[in-house]
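In my numbering, the protein residues as written are 1 to 322. What follows is a short report on a single structure.
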Amino acid sequence: MLKKKSSIISLGLVIVILLSLFISGKPLLTLRNPWVAADQNKKINAKDIKIGVSLSTMNNPFFISVADGIKAEAKNQGVKGLIIDDGKNDTSKQSNDIEDLIQQQVDVLIINPVDSDAVTPEVKEANQAGIPVITIDRSSTGGKVLSLVSSDSVLAGKMAADFMFKAVGQNAKVAELQGTPGASAARDRGKGFEEASKGKLNIVAKQTANFDRSQGLSVAENIIQGHTDLKGIFAQNDEMALGTAQAVNGNNIVIIGIDGEADGLAAVKSGKMSATVAQHPEEMGKLAVQTVIKHFKGKKVAKWTKSPVALVVNDKYKNLIK
1 MLKKKSSIIS LGLVIVILLS LFISGKPLLT LRNPWVAADQ NKKINAKDIK IGVSLSTMNN
61 PFFISVADGI KAEAKNQGVK GLIIDDGKND TSKQSNDIED LIQQQVDVLI INPVDSDAVT
121 PEVKEANQAG IPVITIDRSS TGGKVLSLVS SDSVLAGKMA ADFMFKAVGQ NAKVAELQGT
181 PGASAARDRG KGFEEASKGK LNIVAKQTAN FDRSQGLSVA ENIIQGHTDL KGIFAQNDEM
241 ALGTAQAVNG NNIVIIGIDG EADGLAAVKS GKMSATVAQH PEEMGKLAVQ TVIKHFKGKK
301 VAKWTKSPVA LVVNDKYKNL IK
């Protein structure tokens, strides 16, 4: 009788555990042995490396260029195993994509987070599975990241503020279009711009447009209607700056973005945008793959792999950046 009761209790405990796992949304079974993490320091030949990539969105020219860089360098290095997933700016989809990549037993993950906080559980899950993680353009708030491949977003924000001050003058009223809340690039670009603006510029409005061109258009229209004496608008990426340019529609408002994507550079050249702090997205993708190769050769990898930035201005403002 006692044996029967013990069996019933044991079965009940198993059911409770399984239900808990099911409710948590975690897989009940994994392809990896959950008790033995893979060796993150193992050496692998380039042709045998399986790289899993999760990008925040492929509906943005900047990240398309990042993906192009990843593909080009992977081919150059002889990497045959490459999977690139589009997060579609959806934290839930990106989480599921990364979990699928872990189940597929990739050797390394390259992640460009939709949200730096939201991606933390998946980074930690990769850590537990022994899969090294490299983040690109944006970092993860938690978990262990082998290397962040990015430009200096704080510096980029400061460069934008310095140009804006030279273009519009002391205490001029300006606005800021912010990127996706929770993205480290949005936080850092905003931090750099706002720190460098203190005592120089009057930031009268700050609103998010989620790094999106169409949202940049509508948000900028609302800000311009509410502040008819606005002298400048800083957008935390070129996509929002391009939307802003549509909203400004020829009015004498200085517009600066960050990224240096092809459309942004063309808009600066034509005068639709005043300037952009240009990154090199394709180069960032290449650097990420080079970091992967370096790691699996057993070489030490920098915690921060920096990609350069440069201010690009319309000819009208070249006298300001001597």
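For every residue, glycine included, the Cβ atom is placed at its ideal position computed from N, Cα and C. Since we're looking at a predicted model, the values are computed, not measured.
Tell me the rounded alpha-carbon separation between Ser274 and Gly69. Looking at the two C-alpha atoms, the distance is approximately 27 Å.
C-beta atoms of Asp90 and Leu55 nearer than 8 Å: It is not a contact, given that the beta carbons lie outside the stated cut-off.
Could you tell me the distance, in whole angstroms, from the CA atom of Lys200 to the CA atom of Ile223? The alpha-carbon atoms of Lys200 and Ile223 are separated by roughly 20 Å.
Less than 6 Å between C-beta atoms, sequence neighbours within five positions excluded: which residues of the same chain meet that for Gly285? Val66, Gly69, Ile70, listed in sequence order.
So what does Gln207 bridge to, in DSSP terms? Its beta-bridge partners are Leu177.
On the criterion of 16 or more Cβ atoms from any shown chain inside 10 Å, does Asn237 qualify as buried, or is it exposed? Buried: at least 16 other Cβ atoms inside 10 Å.
Could you check whether Glu73 and Val289 sit closer than 8 Å to each other, using their CB atoms as the reference points? The Cβ atoms of Val289 and Glu73 sit closer than 8 Å to each other.
Chain-order list of residues whose beta-carbon lies under 7 Å from that of Leu146 (same chain, five-residue window excluded): Around Leu146, the same chain offers Pro132, Val133, Ile134, His295, Val301 as residues with beta carbons nearer than 7 Å, after the five sequence neighbours per side are excluded.
Can you look up Leu55 in the DSSP assignment and give me helix, strand or coil? If DSSP states are grouped into helix, strand and coil, Leu55 belongs with the strands.
Tell me which residues share the same chain as Gln246 and place their Cβ nearer than 7 Å to its Cβ, disregarding the 5 neighbours each side in the sequence. Correct list, in chain order: Leu217.
With three or more beta-carbon pairs closer than 8 Å as the criterion, would you say the stretch 174-185 touches the stretch 148-164? Counting C-beta pairs with one atom in each stretch, the stretch 174-185 and the stretch 148-164 have three or more that are closer than 8 Å, which means they touch.
Mark Asp39 as exposed unless 16 or more other C-beta atoms lie within 10 angstroms of its C-beta, in which case mark it buried. The pLDDT assigned to Asp39 is 49, lower than 50, so where the model puts this residue is not dependable; a value taken from the coordinates is nonetheless given after this. It is exposed - the Cβ of Asp39 has fewer than 16 other Cβ atoms within 10 Å.
According to the Cβ coordinates, are Val309 and Met159 closer than 8 Å? In this structure, Met159 lies closer than 8 Å to Val309 by Cβ.
Can you tell me whether Val114 is helix, strand or coil according to DSSP? Looking at Val114 - three-state DSSP - the assignment turns out to be coil, as it is neither helix nor strand.
Where are the beta strand (DSSP E) runs, 3 residues long or more, that stay fully inside the stretch 89-145, in chain order? Here the runs fully enclosed are 108-111, 133-136.
Taking all protein chains shown into account, do 16 or more other C-beta atoms lie within 10 angstroms of the C-beta of Trp304, making it buried, or fewer, making it exposed? By the 10 Å Cβ count, Trp304 comes out exposed.
Three-state class that DSSP yields for Asn202 in the structure shown: Residue state for Asn202 is assigned as strand, using DSSP reduced to three classes.
So is Ala266 buried or exposed if we call it buried at 16+ other beta carbons inside 10 Å? Exposed is the call here.
Relative to the alpha-carbon of Ser92, which residue among Thr120, Ile136, Ile83, Val79 has its alpha-carbon at the smallest distance? When each option's Cα is compared against that of Ser92, the closest is Thr120.
How would you call Ser270, buried or exposed, if buried means at least 16 neighbouring beta carbons within 10 angstroms? By the 10 Å Cβ count, Ser270 comes out exposed.
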